[in-house]
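Everything in the sequence shown is counted per the UniProt record's numbering, starting at 1 for the first residue and increasing by one. Positions of the beta carbon are idealized from the N, C-alpha and C atoms, including for glycine. Nothing here was measured: the structure is a model prediction, and the numbers come from that model.
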Amino acid sequence: MPEQHKRIWFHRNRINYNDFNSLMMIIILSILSSSTLLINAFNLDTFTALIQRGPTDTYFGFSVALHKDRNVSWLLAGAPLAQTDQPNVEHGGAVYRCSIDSINTCQQIQFDRTGPSVVKIKGHDYQEDEKSNQWFGATLHSQPEGPIVACAPRFVYFTNSLTRRDPIGTCWISRGSFTGFYQYSPCRNNNWGYHRQGSCQAGIAAAVTKNGKQLFIGAPGSLYWQGQIFEHDLELMTSIQSKNKALSSEDDSFLGYSITVGQFSGLNDRNYDAAVGMPKGNNHTGKVVIFNSLLQNIANISGEQMGSYFGYSLATADINGDGLDDIIIGAPLYSSPNEKDQSYEKGRIYVALQNRDHQFRIKSENGFVSGKTSKGRFGLSIASLGDINKDGFDDLAVGAPYDGPNSNGIVYILLGSRNGIITEFSQTIHAEDISDPGLRTFGYSLSGGMDIDSNTYNDLLIGAYQSDRIILMKARPVVNVTATLQTTKDNINLEDRDCTTNDGNRALCVTIKVCLSYSGVGVDNRLEFHYRTTLDASVSSTMPRLYFLHKEHENEEELVTILSKGQTWCKERQAYFINNVRDKLTPINITLEYWLPRMSRSSSSSSLLDQNNIPIEYPMGTISVDSRLTPILNNVQPSFLSKQLSIRKNCGYDNICKPDLSLSAKLNVDEYVVGSRKKLLMSVWIKNQGEDSYETIFNMRMPYDVQYIRINKSAAHPEIVCYGARPELTGVNDLTCDIGNPLRSGKTAEFIIIMEPAKINSATTPNYLFLMNVTSANIENENQLENNRYEIGIPLRVQADLNIFGLSEPEVISYNYSTLETWKKPQNLEDIGREFSHSYTVQNKGMTTISRAEITILWPTRDLRGNFLFYLIDQVQIKGRPNKGFCRTITRDDLNPLGLKSRRSNNHHLIHRQTRALPNIFKRKQTTTTTEDSEEAELQAKYKALTSSCLDVAKCTKIECIVQELETNESVVFTIRSRFWKEQIQLVGLEEFEQSSKMIAMITALPYDVHKSFLQPTIQTIKTKIFVTGMGRIELIPLWLIIAAILIGLLILAILACCLWKLGFFKRKRPPSSSSDREPLRNSSL
């Protein structure tokens, strides 16, 4: 049962019987997830799988069992939600028996025909139990020709004077022949309450011993869900139970969750022992408790991971063939702690092997097998298959019902061996392998270990409860084959010629002998075999070195033969070697592959299918077809053989050649000028100082822009061939040369490789680097490999010369002063002044292509007073090869800002024409601040300073342009059209003056990452002269203006004199007239 189902049943805080069905469905649907695994087909036949369908939505297949009664085989299936004829019982559940010969023949087994039990108290009838939704058939187990037990773990008993409802569970037993039914309910007593046996839910697990005399029942809900186990003697009708309540630490540990029976104690009595699952015991890591027939605890097996539900499922099998029963334990919620993909609940099974001391041990090497898919829950069901392939070891089927590409479920088959379980899956059966697209929860329940179709091989019954189906898979007989592959020669001398081909050529031949014989249990005395022989199978089929002599130019032969059981059949074929074998080191690999055909799906067709499901057609009536399962080859034995032939070489007594290769090279130049087109000559010497070197290969990685032309080789080495060097296809410029096969001991191969660098370079390193090495098919000693490599590097030099030429058209603009009108606001472009243009030619005069150069044109749009000077009327015109030059578009603020029109057009004069510009092409690389780039940063700063300051006499418009991929002698012309603002003639007042524009250009990128510090900015100025005639004549001043000036002057003079008079300026101070007025002279003597 699903772990979630049981957990809900057993947890005292979650029991809600009314909503249980809907809750269970939600939980089941919530855990579906899986991933894809590859199918390894073995002897469980998906081709003839029998599918039986039960009533819809009954969980038909929740439990399954193979059964035989009076030598008639039956398929048993529990359907815990099925409706029966029992009165007053709703969906109590049922057990069905189905035929193995036809579909849709399932019938209910009438274990219980009665409704709920009634007890009479004081003359009144009272219901004593509840059978609706009791999940009868949730547990099912049987023994061939023996009893069948089916349980209803949700059976409810009314206890404590009928006032309590306790889910005690119950089981029904058929003594045989689908008769003799009776009920066994070990917890039907007065021990009500979950602290005793009121929630024991007996029948969660049940197992009948092989002799059919003992029945073990699990009751995990007893005693605070510590759980109990009951043993019921089916002959004496007596029962015993495991000990009562243990320590409180054992609460919620669920003893009795699963049960398997076997001989575990070594008492060798007629009674069997039981291993009981306790998935939440041992501090939730899980535990398996082993009891003897008296329910005495004799051993425990503990789990390793908390929450893995170790002990959820159990099975008994003799895995290693030592005659002792081993215990297989499922932990479907196991999660690998080391997974990085956040996967979980992949599941795991453990194999506890029993030793002679009847102790159980899980090996650390192959003692467990893990699931592969997150949430696949590998190990949720386990079934012993017995010895399904007749090798003497019991085998297992493991269910992962939520695994697979669509989460529909997978069943895995594992084989036993002398060393324990083989951890690689022998067979992987997906739900999608069965011819029923509606299968889900495939592998939820399993039953095996019984031969249903009497072919001596045990079969497997699989339940898929969510799709209400069970699937019977029959085992095919296993054929054990003994095969040999022999040749008349093991060591080949290619110089020998001992046979003649059909075209008359002499060749070296070898005889190949194939022998087959087979045996097996339950297989026919004569079988048809297919086999395929392949010559030189280790190399490409287009270049084999060995062919069949009777089928020239074919190295593969497929034949069909009929073999007799126990007899050896042999076949011989001759094969020949081709001449001029290149690969002399790799052994010649001859393979033999054999297989059995199988019948196609249509029984009316005589078509067979080979191992690759390819139909093989035969004439009607040539093959007898019956309904029995076709045999299959034992997949433990290889169906593929190989034989190697080695080629004899001149390599000493051990036939192992150890060459000693050395490589040296020289280039014809010490440096290379980018763009010079000079050819590069690489002289190469390869010397072998050891034994013969086979398939000697010289490799050279060239710079991406260097093109391989040819090689010059001497007459002594005509075998040297070079190829490759296709960087446009491979992304690398690698040249490969075949030097010799072999390059003999003591010989030197010498040749010259001729190369030519590309005209336009795209590499990013400031040098050419050539990496060379030489190898051979036979391996050299490690200490001799150093001289197998060689490296040559030469620096790159650039010769870039960016020249600028300027021309003004016209060079002189002439005006006659007498014809100039008084300046008025212009109404059209012609009113401004005469049109002229400046053309700058940017040319690469160097040998190296200029990848990029930045250009700035400073155009004098206004003078320092803000008056117009050179009035722009058009965008920059660019002439040259396409995509060589680009300029930013001049904005409206600088281009015809007055919006004037030409008299010749109603539209603005060429103002809407766009220059050639590309988005993002003007983005500059961010300037780095490392010491290595400091010089380049200074250069950029210098260029910025030159372009940021305008001319001294004008305010400029800055026009930014670039040129790119400018090859030698290639040029780009930038033309700026403008009109001279003729008002400047009167403002300047000179007969002759000139105005100029300036271009500053600087190379910013070269083909290789060389320093550009030597590439200084280039400056060119274009001047336009303005010449004015007739400025020598002087105009007379009007007479009235002269008289007015004189009068004004006199008036000013009179005003000035009056002011001086008032201030006394004109008064004169006279000398005194009498002596008294004079001051007397002083006596000098006084």
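Pairwise C-alpha distance: residue j and residue i
{"i": "K643", "j": "R573", "result": "14 Å"}
{"i": "N493", "j": "N778", "result": "18 Å"}
{"i": "G286", "j": "N88", "result": "40 Å"}
{"i": "P279", "j": "T316", "result": "17 Å"}
{"i": "K565", "j": "N43", "result": "19 Å"}
{"i": "R881", "j": "E967", "result": "11 Å"}
{"i": "S949", "j": "S839", "result": "21 Å"}
{"i": "L1050", "j": "A1057", "result": "11 Å"}
{"i": "residue 1165", "j": "C499", "result": "Since the first and last residues shown for the chain are 1 and 1086, residue 1165 lies out of range."}
{"i": "T58", "j": "P80", "result": "6 Å"}
{"i": "F83", "j": "G137", "result": "The sequence shown places Gln at residue 83, not Phe. If you take the alpha carbons of Q83 and G137, they lie about 12 Å apart."}
{"i": "G266", "j": "A246", "result": "27 Å"}
{"i": "H67", "j": "G54", "result": "18 Å"}
{"i": "Y402", "j": "R469", "result": "16 Å"}
Own chain residues within Cβ distance below 6 Å of residue i, not counting five before or after
{"i": "A202", "result": "G169, P186, C187, I217, A219"}
{"i": "S35", "result": "With a pLDDT of only 34 at S35, under 50, the local geometry of the prediction cannot be trusted, and the value read off the model is given with reservation. Closer than 6 Å at the Cβ level, and outside the excluded window around S35, lie T373."}
{"i": "S445", "result": "S63, V64, S381, G463"}
{"i": "T841", "result": "F805, S971, V973"}
{"i": "L796", "result": "Y672, V674, P766, N767, Y1008"}
{"i": "N502", "result": "E552"}
{"i": "V479", "result": "Y518, G520, V523, P631, L633"}
{"i": "L50", "result": "L472"}
{"i": "L807", "result": "S839"}
{"i": "residue 1087", "result": "Outside the modelled stretch of the chain, which goes from 1 to 1086, sits residue 1087, for which no answer is possible."}
Pair within 7 Å by beta-carbon distance, residue i and residue j
{"i": "R377", "j": "G347", "result": "yes"}
{"i": "residue 1091", "j": "I804", "result": "Look at the range of the chain in this structure, 1 to 1086, and you will see that residue 1091 is not part of it."}
{"i": "A954", "j": "P860", "result": "yes"}
{"i": "W74", "j": "F111", "result": "no"}
{"i": "L645", "j": "V798", "result": "no"}
{"i": "I656", "j": "A800", "result": "no"}
{"i": "R418", "j": "N355", "result": "no"}
{"i": "R979", "j": "I832", "result": "yes"}
{"i": "P703", "j": "E780", "result": "no"}
{"i": "S239", "j": "G221", "result": "no"}
{"i": "R892", "j": "E960", "result": "no"}
{"i": "V208", "j": "V149", "result": "yes"}
{"i": "E345", "j": "S335", "result": "yes"}
Sequence-distant residues of the same chain with beta carbon closer than 7 Å to residue i, five excluded per side
{"i": "E235", "result": "K213"}
{"i": "residue 1108", "result": "What the structure shows of the chain is the stretch from 1 to 1086, and residue 1108 is not part of that stretch, so it cannot be assessed."}
{"i": "Q107", "result": "Y96, R97"}
{"i": "S384", "result": "A315, T316, A317, D394, L396, G448, G449"}
{"i": "E593", "result": "Y531, R532, S639, F640"}
{"i": "T105", "result": "C98, S99"}
{"i": "S676", "result": "M847"}
{"i": "G180", "result": "S174"}
{"i": "R506", "result": "R497, T500"}
In DSSP terms, what residue i is bridged to
{"i": "L807", "result": "S839"}
{"i": "P757", "result": "V706"}
{"i": "H141", "result": "V149"}
{"i": "E983", "result": "DSSP lists no partner for E983."}
Neighbourhood of residue i by C-beta, 8 Å cutoff - its chain only, sequence neighbours within 5 removed
{"i": "P587", "result": "S538, Q644, L645, S646, I647"}
{"i": "Q986", "result": "L820, W823"}
{"i": "K1067", "result": "none"}
Residue i at chain B interface by Cβ criterion, 7 Å
{"i": "L485", "result": "Judged by its chain identifiers, the structure shown contains no chain B, having just a single protein chain."}
Legend entry - Continuous beta strand (DSSP E) assignments of at least 3 residues falling wholly in the segment 621-693: At a cut-off of 3 residues, the continuous stretches assigned as beta strand (DSSP E) that sit fully inside the segment 621-693 are 640-647, 661-667, 680-688.
Legend entry - In chain order, each alpha helix (DSSP H) run of at least 4 residues that lies wholly inside the UniProt repeat "FG-GAP" (46-107): Complete alpha helix (DSSP H) runs here, min 4: none at all.
Legend entry - Contained beta strand (DSSP E) runs [length at least 3] in the segment 153-220, N- to C-terminal order: You should have 156-159, 164-166, 170-176, 179-184, 205-208, 214-219.
Inset, instruction - Would you mind listing the beta strand (DSSP E) stretches within the UniProt domain "Integrin alpha first immunoglubulin-like" (475-606) that are 3+ residues and don't spill past its ends, in chain order? - result: Secondary structure in the UniProt domain "Integrin alpha first immunoglubulin-like" (475-606): the beta strand (DSSP E) runs of 3 residues or longer, each lying completely within the stretch, are 478-487, 509-519, 526-534, 546-548, 556-564, 569-577, 588-595 in chain order.
Legend entry - Completely contained beta strand (DSSP E) runs for the segment 709-789, where each covers 3 or more residues: Runs of the beta strand (DSSP E) spanning 3 or more residues and lying entirely within the segment 709-789 occur at 721-724, 734-740, 748-757, 767-775, in chain order.
Legend entry - Inside the segment 339-403 only - beta strand (DSSP E) runs reaching at least 3 residues: Fully enclosed beta strand (DSSP E) runs of 3 or longer: 348-354, 360-362, 368-370, 381-386, 395-400.
Legend entry - Every unbroken beta strand (DSSP E) inside the segment 933-968 [3 residues or more]: For the segment 933-968, the continuous beta strand (DSSP E) assignments of 3+ residues that do not extend past its boundaries occur at 954-966, in sequence order.
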